[in-house]
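This note's numbering puts the sequence shown at residues 98 to 342. A virtual CB, placed ideally from N, CA and C, is assigned to each residue, including glycine.
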Amino acid sequence: MVQDKVAIVTGASRGIGRSISLALAGQGAKIVAVDIDPVATEAFVAELKAQGTEAIAVQGNVTVTEDVENMVKVAKETFARVDILVNNAGITRDALLFRMKDEDWDAVLTVNLKGAFLCSRAAAKVMAKQRYGRIINIASVVGQMGNAGQANYCASKAGLMGLTRSNARELAKRNVTVNAVAPGFIATDMTDALPEAKRQELAAQIPLARLGSADDIANAVLFLASEQSGYITGQVLGVNGGMYM
Ligand code: NAP
């Protein structure tokens with residue numbers, strides 16, 4: 098499926114990014130783990146190597162053009178190709194509309210949307226030349242449904258779906274597919290920060306009656322990252338327990 102493919106995963110060392118990296122590594126991919134925290138990234142890559150995966154840690158901020166260009170350069174120098182890019186790095190800065198600060202809006206849009214744009218632009222240059230690539234953007238169900246208190250986050254994730262469709266159209270002739278996975282509510286550090294009452298309220302809205310796991314998301318990404326998904330592009334795959342249909 099992804100044997101010997103070279104995969105860049107942003108926000109790789111924790112949560113969903115970590116599960117995605119482990120899933121790709123488990124199927125034989127070589128991993129370029131990118132994260133803002135160098136210590137966590139190095140520690141995660143040491144774990145990957147200990148289990149026999151070829152992997153490299155790249156410290157980088159997805160909002161900084163030089164870091165992103167460097168990430169692709171290092172991947173290419175180390176493994177000669179870039180087959181898969183997973184734009185997973187993301188943040189929240191929740192507040193109700195009237196209270197949302199300009200900085201909260203800018204920070205979330207910059208990491209979640211501009212970061213994906215910068216990484217896609219850099220990786221797509223290599224993928225287009227290779228005439229092969231898989232780009233997977235990690236969006237969110239709230240980009241489809243909206244969510245009170247998350248104007249910035251919902252706008253960034255809805256924007257990511259537009260970026261997905263536009264890049265899919267542009268890159269199709271080079272055999273590069275671009276898709277998004279829109280997770281529902283997933284049990285990670287991000288959702289652990291919510292009060293228990295809010296978590297129970299969320300679970301009650303989900304037909305499958307549970308929060309998702311990071312592995313649920315990783316399994317969907319693994320399929321879209323594989324050669325077998327080659328006739329799928331510009332799509333948003335909801336992995337949300339049926340919460341949005
Ligand atoms: P997480 O546990 O907070 O992990 C996010 C990772 O991204 C962290 O390792 C973080 O590094 C890194 N990161 C943040 N800003 C970065 C930047 N500017 N450059 C490079 N790396 C950066 O989040 P998660 O819950 O796994 O979420 C992963 C993705 O899934 C996000 O895009 C999120 O929006 C999306 N998602 C999550 C859920 C959910 O329920 N958890 C639902 C829908 C969508 P530091 O920790 O060092 O800051």
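Contact between Ser-116 and Ile-128 does not hold, since their C-beta atoms are separated by about 12 angstroms, which reaches or exceeds 8 angstroms. Here Thr-189 carries a coil assignment [DSSP, helix/strand/coil].
Contact between Met-224 and Arg-271 holds, since their C-beta atoms are separated by about 7 angstroms, short of 8 angstroms. Gly-281 is the residue among Gly-281, Leu-194, Gly-149 whose C-alpha sits nearest the C-alpha of Leu-308.
When the five nearest sequence neighbours on each side are left out, the beta carbons in the same chain lying within less than 6 angstroms of the beta carbon of Val-142 are those of Ala-130, Ala-152, Ala-154, in order along the chain. Leu-334: not part of any alpha helix (DSSP H); member of the beta strand (DSSP E) spanning 333-336, first to last residue. No Cβ-Cβ contact shorter than 8 angstroms links Val-171 with Gly-230. Here Ile-188 has Ala-204, Val-205, Val-208, Asn-209 as same chain residues with Cβ atoms under 8 angstroms from its own Cβ, once five neighbours each way along the sequence are excluded. In this chain, the alpha helix (DSSP H) harbouring Pro-135 covers 135-147. Annotation for Asp-286: Arg-111, Gly-112 place their beta carbon closer than 8 angstroms to its own, counting only its chain and skipping 5 residues before and after. Excluding five sequence positions before and after Glu-166, the CB atoms of its chain that fall closer than 7 angstroms to its own CB belong to Ala-219, given in chain order. Fully enclosed beta strand (DSSP E) runs of no fewer than 3 residues occupy 181-184, 230-235 of the region 178-253, in order along the chain. When DSSP states are grouped into helix, strand and coil, Gln-156 belongs to the strand group.
Around Met-168, the same chain offers Val-131, Val-155, Gly-157 as residues with beta carbons nearer than 6 angstroms, after the five sequence neighbours per side are excluded. Taken through DSSP and simplified to helix, strand or coil, Lys-102 comes out as coil. Around the beta carbon of Met-340, 16 or more other beta carbons lie within 10 angstroms, which makes this residue buried.
Fewer than three pairs of CB atoms, one per stretch, sit closer than 8 angstroms, so the region 248-255 makes no contact with the region 284-299.
Comparing alpha-carbon positions, the option among Ala-284, Ala-279, Ile-232, Ser-326 lying closest to Ser-263 turns out to be Ile-232. For the ligand NAP, a non-hydrogen atom lies closer than 7 angstroms to the CB of Val-208.
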